[in-house]
Every structure is written in structure tokens, then in C-alpha cells.
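There are 2 protein chains.
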Amino acid sequence: MTPTPMDLALEAARAAAARGEVPVGAVVTGPDGAVLAVAGNQVEADCDAAAHAELLALRAAGAVLGSPRLTGCDLWVTLEPCPMCATAAGLFRVRRVLFGAYDTKGGGIEHGPRVFETAANLHRPEVIGGLREREAASLLRAFFAERRQA
Amino acid sequence: MTPTPMDLALEAARAAAARGEVPVGAVVTGPDGAVLAVAGNQVEADCDAAAHAELLALRAAGAVLGSPRLTGCDLWVTLEPCPMCATAAGLFRVRRVLFGAYDTKGGGIEHGPRVFETAANLHRPEVIGGLREREAASLLRAFFAERRQA
Chain R
50 MTPTPMDLAL
60 EAARAAAARG
70 EVPVGAVVTG
80 PDGAVLAVAG
90 NQVEADCDAA
100 AHAELLALRA
110 AGAVLGSPRL
120 TGCDLWVTLE
130 PCPMCATAAG
140 LFRVRRVLFG
150 AYDTKGGGIE
160 HGPRVFETAA
170 NLHRPEVIGG
180 LREREAASLL
190 RAFFAERRQA
Chain Z
50 MTPTPMDLAL
60 EAARAAAARG
70 EVPVGAVVTG
80 PDGAVLAVAG
90 NQVEADCDAA
100 AHAELLALRA
110 AGAVLGSPRL
120 TGCDLWVTLE
130 PCPMCATAAG
140 LFRVRRVLFG
150 AYDTKGGGIE
160 HGPRVFETAA
170 NLHRPEVIGG
180 LREREAASLL
190 RAFFAERRQA
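Protein sequences appear in the order of chains R and Z.
In terms of our numbering, the first sequence opens at residue 50 and continues consecutively.
In terms of our numbering, the second sequence opens at residue 50 and continues consecutively.
Right under this line is the structure:
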């Protein structure tokens with residue numbers, strides 16, 4: 050069975066956890082649904098606080114297509130994007146942002162600064178939250194519970 | 050005379066304009082004031098909508114210091130950062146954000162989602178706006194005026 054984009058994002062999140070990174074994974078699919086990029090969070094490995102899964106996947110997809118505009122593409126991610134990544138999804142002009150768990154503390158779409166709702170926002174992707182929510186959230190919960198015990 | 054960080058950021062902005070990129074430049078200085086990174090906008094050249102000057106300079110400084118946290122460092126930029134770059138400055142834990150021109154349309158600190166004012170925001174750098182404002186703004190005005198005529 051072909052894995053779905055969210056399967057791949059969850060797999061990338063689990064791989065991030067195994068490397069000691071906060072378990073978030075992201076995938077960008079093209080207008081035809083083909084997978085253009087898959088990435089997991091690698092902030093610590095890259096010494097890069099901006100190396101969130103979403104930003105890495107968006108940048109990789111831009112490189113694949115040879116364009117800073119990902120028209121018609123979708124961003125799939127296991128956690129509600131933070132304001133940095135949500136804004137980046139808009140700058141890359143993605144068609145849809147589909148995410149797993151809601152992030153009441155760090156999220157930037159349904160929470161916090163709600164970046165797409167600002168009057169000056171130029172491009173507002175369609176947003177679908179709560180996909181495989183339990184699975185995505187339990188990965189994060191397990192990671193932080195383990196850290197607290199360590 | 051040693052150029053100031055804002056001199057270097059303005060120079061990077063002019064170099065960006067010469068490459069056909071929106072003229073924004075950024076510099077990161079360390080706790081001792083030493084220049085760690087200088088970058089200009091290179092969205093088109095990199096096929097990367099996230100290749101804003103600020104994000105490039107922050108990432109480069111993280112690589113120089115070998116850490117995703119730029120504690121005590123300052124981000125200097127010719128234009129008020131967008132919500133993506135403002136959030137990134139917070140994630141990188143910079144001490145101060147010092148910018149030139151205000152961006153009433155695309156800015157994310159004093160305008161739009163005002164990302165540092167969200168209750169859930171974890172790190173709020175000191176913000177100083179309006180440094181060399183006229184010079185920074187006139188670069189942008191000249192660039193867009195030329196584009197409209199082309």
C-alpha cells in the first residue's frame with residue numbers, strides 16, 4: 050500500500066525523535082499529489098533554530114521545482130505550524146496546509162498570532178487541522194515525557 | 050573607518066538590488082559586537098521564498114557559533130522583519146532586533162500579527178526600529194519604482 054503524505058510525515062517525526070529532535074515531520078506534495086519533499090525537525094543537528102520540518106520541506110520542494118513559489122502544492126505536517134512556518138507556507142504560496150495535532154502554545158494558525166488572519170496577509174492557504182491528531186500528539190507527548198524523566 | 054553593522058546591512062541590501070532581489074540586508078553581531086554573519090535577500094536566486102536576509106543571517110550565525118541559540122546576539126536589518134523572520138529571531142533567542150524602515154504592509158513586529166506581543170511568545174527580543182530609516186526606505190522605493198517602469 051502506498052503511504053499517504055501524512056504517513057510519511059509521521060514517519061519523519063518518529064525519525065526526528067530517534068535523533069533527539071522534537072518529533073515533527075512534514076511533506077510537500079505537488080499539484081498532482083506526488084511527494085516533492087519529506088523532512089523532519091533538525092534544529093539541534095543543524096544548529097539552526099529555523100530548521101523546523103515545515104521550513105525544510107518547503108525549501109526542498111522549491112529546490113525540486115526550481116521556484117520559490119509552490120503554486121498548487123500542499124504542505125502536510127504532524128503539528129500545527131508555528132508563526133514562522135505558517136508565514137513561510139504563505140510566502141511559498143502553497144494551496145493547502147494540512148496538519149495533525151493542534152499546538153495551543155506554539156501554533157501560529159489557529160493559535161497565537163494567527164498569521165493568516167492578519168489584514169495585510171497576501172496569501173491564505175486553505176487550512177485543515179486535526180488529521181491523525183491522536184497519533185501526532187502522542188508522539189510529542191511521549192517525547193517530552195521521556196525528556197522530563199531523563 | 051570600520052563600517053557599522055547597519056552600514057554592512059545596507060551594503061548587502063544594495064547588492065541584493067543589483068541581483069534583482071528585493072533590497073533587504075541583514076547582519077548578526079555577537080555579544081561582543083563582532084560581525085558573525087551578513088546576508089542579503091536571495092529568494093529568486095535560491096528558489097527559496099524563505100531566503101530572506103534575516104533568516105539567512107540568523108542561520109549563518111548559528112552555524113558560526115555551532116548552536117541554534119544566539120544568546121546575547123543582535124539582528125540588524127534594513128527593513129522591519131516579516132512575521133516569519135521575526136518569529137525566527139525569537140526562536141534563535143537573539144537579544145535585540147534593530148531595523149531600518151518600518152513595513153506597514155509586510156512587517157510582523159510593529160505591524161500585522163505583531164508576533165512578539167502574543168501571550169504564548171516565549172522570547173521577546175528588545176526591538177529598536179527606524180535606524181537609518183530614510184536610507185533603507187529609499188533603497189526599496191527606488192527598486193520598486195524601477196520595476197514598475199520596466
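Don't be surprised by glycine CBs; every beta carbon is placed ideally from N, CA and C.
- Put simply, the region 54-68 of chain R does not touch the region 108-121 of chain R. Fewer than three CB pairs are less than 8 angstroms apart.
- According to DSSP, isoleucine 158(R) shares a beta bridge with no other residue.
- In this model, alanine 185(R) and glutamate 195(Z) are separated by some 48 angstroms (Cα to Cα).
- The residue among Leu180(R), Val164(R), Asp152(R), Leu128(R) with its C-alpha nearest the C-alpha of threonine 136(R) is Val164(R).
- Of all residues in the region 90-113 of chain Z, only Val92, Glu93, Cys96, Asp97, Ala98, Ala99, Leu104, Leu107, Arg108, Gly111, Ala112 come within less than 7 angstroms of chain R when Cβ atoms are compared, listed by chain position.
- Here the region 170-178 of chain Z makes contact with the region 143-157 of chain Z; the two share three or more CB pairs at distances below 8 angstroms.
- Annotated three-state conformation of phenylalanine 192(Z) is helix, per DSSP.
- For arginine 173(R), not one C-beta of chain Z is nearer than 8 angstroms to its own C-beta.
- At a cut-off of 8 angstroms, the C-beta of valine 164(Z) has a neighbouring C-beta in chain R.
- CA-to-CA, the gap between glutamate 103(R) and proline 132(Z) works out to about 15 angstroms.
- Glycine 74(R) counts as buried, since no fewer than 16 other beta carbons sit within 10 angstroms of its beta carbon.
- For leucine 59(Z), the enclosing alpha helix (DSSP H) covers residues 54-67.
- Here DSSP, grouped into helix, strand and coil, assigns alanine 88(R) to strand.
- In the pairwise beta carbon analysis, the region 113-124 of chain R is classified as touching the region 77-96 of chain R: at least three pairs are separated by under 8 angstroms.
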